[in-house]
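Colleague: For what it's worth, my numbering labels the leading residue of the sequence shown as 62, then goes sequentially.
Glycine is no exception: its CB is placed at the ideal position from the N, C-alpha and C atoms.
In this text, all values refer to a predicted model and were calculated from it rather than measured experimentally.
One structure is given below, represented as structure tokens, and several questions about it will come after.
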Amino acid sequence: MGNCKPYLENETNHKFNCSCTNGFHGSTCEKVTTMSFSGTSYVEINTTREEGYDIQFRFKTTLPNGLLAMGKGLTIFILELALGRLNLYSSLLNKLDGVYVGTDLNDGNWQKVFVAINSSHLVLAANEEQTIYPINLNDGNTSFTSFPNTYLGKSQYSNSLKGLTHGSKGPVSYIGCMEDAIINGEWVLPDAQPRPNKTYVDVQVCTLIECMGAVARTFGGTSNAIVKDRIWGKPVSIVSIIHYFTAATFGHEDIKDSLVTVTVNDQSRRAVRSIIDLSMFIRTREENNSIFYVGTVPGAVTNADRMHIGAQLKGGELFMSTQFNNSLESQVVTRIKLNDGYNHLIQFVRNVTLVQVKVNGSEHFRKTISEMGPMDVQVLYLGGEPPIGRHVRQADNTTNEMYVSERTNFKGVIQDVQISNGSHIMVVEFFPLKVADVEIPPAFGEVSFEEGKILEGVVSDDACKDSPCHHNATCHVTWNDYRCVCPRGYKGKMCQEMEFCQLQDCPTGSTCRNLDDGYECVANFTFDGRNSSLGFVFTQPEHVHLSGLVFDSIDIAYRSRTGGTILYISTSNGTYFSVSVYKDQVTVAWRLEQTTPGELHRFSKTVPDGNWTRIQLSIKDGLMHGGFAGSDKDSLGLFSASFPLDLWQKLLFAGHIMLGGGVESSLLDRQRYFTGGYPRQLGGGGTYHPAGEHTGCLGEVRIGNSLLPYFSADQLNLDNLTSHNYFSLSDQLLTMDIGCKLCFDYECQNDGWCANANDSYACECPAGYAEDYCNVNIDECQQNECMNGATCVDMIANYTCSCPHGWTGWLCDQDINECDSDPCQNNGSCRNLEGMFECVCPDEFVGRQCETYKVVTCENFPCRNGSTCVDVKNEETKDNFTCTCATGFQGPYCGVPYCAENVEPCLNEGVCNVSGVSPFCQCLPGYEGRRCETNINDCAADINGKYPCDHGMCIDGIDTFSCDCSNTGYEGVSCERDIDECETQIAQCGQGVCMNLNGSYTCRCLPGLCGEECLMTDPCFLENPCQNGGTCQDDCIHGEGLYKCICTSGFAGLNCTEEPVKEAASSNAFNVLVIVGPILGLMLLAGVVATFLGVRAARKKRATRGTYSPSQQEYCNPRVEMDNVMKPPPEERLI
């Protein structure tokens, strides 16, 4: 069901939008949104939104009460229909009865509802009427405005909400229809498909449904429904056209004696003799009304034989009376007011010995009575009784109390009167329907009333005729009542009350709150604990006597993690009253008379939490009771003590009142808190010292419901202030600090600061500090990475490692090379180890650093590397021994390999290898020699005499070679492949024939031709130029026309024409002798000189070796090993 609107997209695509009517949803309005709730039905929806909440829907019912919606999160809200008005209750509001909007919302028509909740305000709207109410989140937690779980129709938590709603047993379940429900943007549809975030219980799709309440309010005429069975407030099926019994209006305007008399016919009298079920709808606004009387005609029989059932309203409550067997009884249905202007179904049932009373379908009274005879129902009076029945005397001349009191005839509407015996229904028609083809139940009897005193249908008094609305408000007539539409700034039934907050602004940071006769400015105030206390004095209003004032309660809202003195009242004569807090532990102390000792009491939370807390103290019957508001325990049952109200008020009227500190509190030690067991009385004359100035926030502080304002008279508009402001601000020690601030920079230690003072107590700490006040230096050593046994030293946001000897670095992970400082003495050799060093000492020294001289002989094996030791003093080293080194070692102790770096280091990147018996230079491939000084000739022949290059020139490299095959006629790595010059056409033989040779080729020329390419004329072909029998051979390779003659013996020359010279041989031999002779002479001379020098050196060495020397032998060794001593010359054999 909707309206289709076509449109074009990109000028080519035809599309449409459907605008759905109420009750339908979807892209083509194909989904029905209307749901029926029967009293057991409910819907649970789970939606997620971090902050804020909104819900909208339409509903239709005729019942005055019912739970429409409930939201549950950290807090709750309850939206219910209360006496036809929309009521929203939530702990977020500072209103115990919640917020109301709308009237007559149970008139059977569709009503539109909208609710929005955010961190600053709440919006509640019913149809076109809307109200906005501020929200005060004391702790700023916006998650309180989120409600993840929403219930429609009823809630599984209903029983736990007693006292919060209008039902005595919790909210009444909703009966009626609901449609177009949207929660946080999500549609709620009555489909049967399972949803992960929705639960449907007994919810049906509602199509063309009416409720019986709507039937009851339709006064004649035709409707699109037929009632198959009367079920109060429950949806019924629609099958055809029906007609409703017309209502009757009693007591219109000034009519006082409206009365309908129904004379019961004989058939009806017989039908209800044992069972009678009488029910009707009533609607009134009067507290005291006579509704009906059914039974014998008053005065027609004796009082003992009289039997009747009567109903009236007393104080708006239903009062039922019965008289059977001369026994008069009555019963009151309490806690249900029926004079609220809405339709109510009342029902009385007598079934032989059982009596029941029902209101709106709920049973409120049931009683079994003794056996009685048949009931003779002669008459039914509606709206009152005739005068004859108002005063009836008993046989014993006592007055029947039922009829003594003056009654007021019914003023309102009575409709749909039905009488049943359990099997047949009879009706009372005030104004009979005159329509054909309608079957109407039989009449209970003949109906009669005085014309003009009973009006047809529902007719309202003109309640606006006397202009009840004040301040130019607009008056609207409702049924037997009026509604004033107030101008801005006024409220109340007649717009007689000012809404001061609509006309008056409070100081910045505060919230205006309307009172009955004024307003007040409510705010939070921050006390920093350093001379920020506020002083107040009691101010007696004019025309108000002190004896008429009662201040019997103290209510304090605070938030603090440490605390201090919150309230301190004192006088100059030593009397006082104090409330202080330390970590959510409350101390209440007082001394109300000079002659009595002081008292002190305390109570505390189970676990201190630093959240907003309300302290409540109540004074009643000479006792003070105290506790926390909203706690699980009895809020005023945490302590109780004797507390005279008159002495308390005397102190209050005369004393000086301080918030946030006590008298001379700046001189006190702020840490003087009571943390142990408290004595009930204070000794020492009752002197009490406050706990120091308060550090934290205070919200509303009330004494006897009167607010202690945080603003001076200059900041407030005194003309509109409530007359109940008995306290005024007298002094403040520092500038105003409105709002709640939890963190103070001065409390932060070690350069900490408050980063989020409004939401957190904790300081933002610089690196290296922790805890809320930055007072703890973080021990970074708890997770240190120091190595090698180092000691961790904690610093600020860092740590250092104190390294043991031999290690360095930030983590002591770097070994110190102690050898860099040359710690070894006497030429000791230093060897660096992990965390230490080692000195390799010369043989003559010992000690950690070779600092001690050591006497060494061959017995100490001083010679190294397999060398031979002889106990003969070494003149060079002055040692008592001499070492004969093994091959490859040298030095006085044979400890130095010849190839050491400082001796004869290996060349060409060779490495001195000392791992074997003798050291040697381990050469890189391609080198050899004692020091790797020789490049191995890779071009040399191998052991088989084969050279690496088969032909061409070998070029030696480092551990490699290459073959240059240029001009060899060969190719390949080793010039091993012959090049076929004839086939590759390298050879040019002209007119000759090419013939390949190994490494070359030759041209076989035709006769008469010669040369490499057979291009020259053979000079020997035509004639032989050689004489004397010589043979001609061409030499064209050296030039054209050249030749050579191979001469016969005895001839020479180009053409063999010359004879040879004979002296040439002897001449050549002489030349050789001249050159070689001197060279051989020089070599012989050098050999003689070398031999002479060698013999001389050997004689000199023998002079001191192997010779017996007493002094020397006695010092070193008395033995002489003669095996190695050469035989001395004769001149040395004298000893």
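Taking 8 Å as the threshold (C-beta atoms), are Asn-326 and Gly-506 in contact?
Modeller: Their beta carbons are under 8 Å apart, which means Gly-506 touches Asn-326 by this criterion.
Colleague: Between Val-440, Leu-320, Val-104, His-755, which lies nearest to Leu-129 when the distance is taken from Cα to Cα?
Modeller: That would be Val-104, whose Cα lies nearest to the Cα of Leu-129.
Colleague: Based on Cα-Cα distance, which residue from Ser-335, Thr-123, His-313, Met-368 lies nearest to Tyr-474?
Modeller: The question names Tyr, yet the displayed sequence has Val at residue 474. Of the candidates Ser-335, Thr-123, His-313, Met-368, the one whose C-alpha sits nearest the C-alpha of Val-474 is His-313.
Colleague: In whole angstroms, what separates the C-alpha of Tyr-629 from that of Tyr-637?
Modeller: Going by the C-alpha atoms only, they are around 7 Å apart.
Colleague: Figure out for me which residue from Ile-243, Asn-74, Glu-1084, Gly-596 has the closest Cα to the Cα of Tyr-771.
Modeller: Checked all of Ile-243, Asn-74, Glu-1084, Gly-596; the closest Cα to Tyr-771 is Gly-596.
Colleague: First and last residue of the beta strand (DSSP E) that includes Lys-32?
Modeller: The question about residue 32 has no answer, for the chain in this structure spans 62 to 1196.
Colleague: To which residues does DSSP link Pro-958 through a beta bridge?
Modeller: Answer is Phe-950.
Colleague: Report the rounded CA-to-CA distance for Thr-1063 versus Thr-1078, giving the unit in angstroms.
Modeller: Roughly 17 Å between the two C-alpha positions.
Colleague: Please report the straight-line C-alpha distance between Gly-402 and Asn-541, rounded to a whole angstrom.
Modeller: Approximately 8 Å between the Cα atoms of the pair.
Colleague: Check Ile-1098 in the structure and name its three-state DSSP category.
Modeller: It is helical.
Colleague: What residue does the alpha helix (DSSP H) around Cys-1081 start on, and which one ends it?
Modeller: Its alpha helix (DSSP H) spans residues 1080–1083.
Colleague: Using a Cβ-Cβ cut-off of 6 Å (strictly less than) and excluding sequence neighbours within five positions of Cys-65, which residues of its own chain qualify?
Modeller: Hits under 6 Å: Phe-77, Cys-79.
Colleague: Using only CA atoms, which one of Gly-434, Val-583, Lys-419, Val-837 lies nearest to Lys-53?
Modeller: Because the chain spans 62 through 1196 in this model, residue 53 falls outside it and cannot be assessed.
Colleague: From which residue to which residue does the beta strand (DSSP E) around Gln-172 run?
Modeller: Segment 172–178, the beta strand (DSSP E) holding Gln-172.
Colleague: Nearest to Glu-490 by CA position, among Cys-1106, Leu-250, Glu-1074, Ala-308, is which residue?
Modeller: Among Cys-1106, Leu-250, Glu-1074, Ala-308, the Cα nearest to that of Glu-490 is on Ala-308.
Colleague: Could you tell me how far apart the beta carbons of Val-496 and Val-440 are, in whole angstroms, since I believe they sit closer than 8 Å?
Modeller: The Cβ separation is near 29 Å, so there is no contact.
Colleague: Can the beta-carbon of Cys-1043 be found closer than 8 Å to that of Cys-1075?
Modeller: It is not a contact, given that the beta carbons lie outside the stated cut-off.
Colleague: For Met-1144, does the count of other Cβ atoms within 10 angstroms reach 16, so buried, or fall short, so exposed?
Modeller: When all chains shown are included, Met-1144 counts as exposed.
Colleague: Per DSSP, Lys-934 forms a beta bridge with which residues?
Modeller: For Lys-934, which the question treats as bridged, DSSP gives no partner whatsoever.
Colleague: Go ahead and label Ile-1040 buried or exposed: buried means 16 or more other beta carbons lie within 10 angstroms of its beta carbon, across all protein chains shown.
Modeller: It counts as buried.
Colleague: Using the Cα positions of Leu-415 and His-425, report the straight-line distance between them to the nearest angstrom.
Modeller: The straight-line gap from Cα to Cα measures roughly 14 Å.
Colleague: If you draw a straight line from the C-alpha of Cys-1036 to the C-alpha of Gly-1072, how long is it?
Modeller: Near 27 Å, if we compare the C-alpha coordinates of Gly-1072 and Cys-1036.
Colleague: So Tyr-543 and Pro-529 are supposed to be a Cβ contact under 8 Å. How far apart are they, rounded?
Modeller: Sure, about 6 Å apart at Cβ, within 8 Å.
Colleague: Can you tell me where the beta strand (DSSP E) with Arg-330 in it begins and where it stops?
Modeller: Run containing Arg-330: none in the beta strand (DSSP E); it sits in the alpha helix (DSSP H), 327–332.
Colleague: Nearest by alpha-carbon distance to Lys-514: which of Ser-319, Arg-344, Thr-383 is it?
Modeller: With distances taken between Cα atoms, Lys-514 lies closest to Ser-319.
Colleague: Specify the secondary structure class of Val-1149 as computed by DSSP and reduced to three states.
Modeller: Helix at Val-1149.
Colleague: For the structure I just gave you, are there three or more beta carbon pairs, one from the region 658–671 and one from the region 706–714, closer than 8 Å?
Modeller: In short, these stretches do not touch, since the Cβ pair count stays below three.
Colleague: Near Asn-811, what residues of its chain come up, given a Cβ to Cβ distance below 6 Å and the 5 sequence neighbours on each side ignored?
Modeller: Closer than 6 Å at Cβ, skipping near neighbours: Tyr-830, Cys-835.
Colleague: How many angstroms separate the CA atom of Ser-1172 from the CA atom of Phe-906?
Modeller: Caution applies to Ser-1172, whose pLDDT of 40 falls short of 50 and renders its modelled position unreliable; the model cannot decide the point.
Colleague: Going by C-alpha distance, which of Cys-1010, Ile-1047, Gly-1018 is nearest Gly-1033?
Modeller: Among Cys-1010, Ile-1047, Gly-1018, the Cα nearest to that of Gly-1033 belongs to Cys-1010.
Colleague: According to the neighbour-count rule (16 or more other Cβ atoms, all chains shown, within 10 Å of its Cβ), is Gln-951 buried or exposed?
Modeller: So Gln-951 ends up on the buried side.
Colleague: So, with DSSP's three-state summary, where would you put Thr-324?
Modeller: Thr-324 falls in the strand class under three-state DSSP.
Colleague: Can you look up Phe-942 in the DSSP assignment and give me helix, strand or coil?
Modeller: Here Phe-942 sits in coil by DSSP.
Colleague: Would a C-beta distance cut-off of 8 Å place Ile-236 and Phe-98 closer than the cut-off?
Modeller: Yes. Within cutoff.
Colleague: Who does His-182 pair with in a DSSP beta bridge?
Modeller: According to DSSP, which records beta bridges pairwise, His-182 is partnered with Pro-195.
Colleague: Tell me which same chain residues have a C-beta within less than 6 Å of the C-beta of Ser-1027, skipping the five on either side of it?
Modeller: Closer than 6 Å at the Cβ level, and outside the excluded window around Ser-1027, lies no residue.
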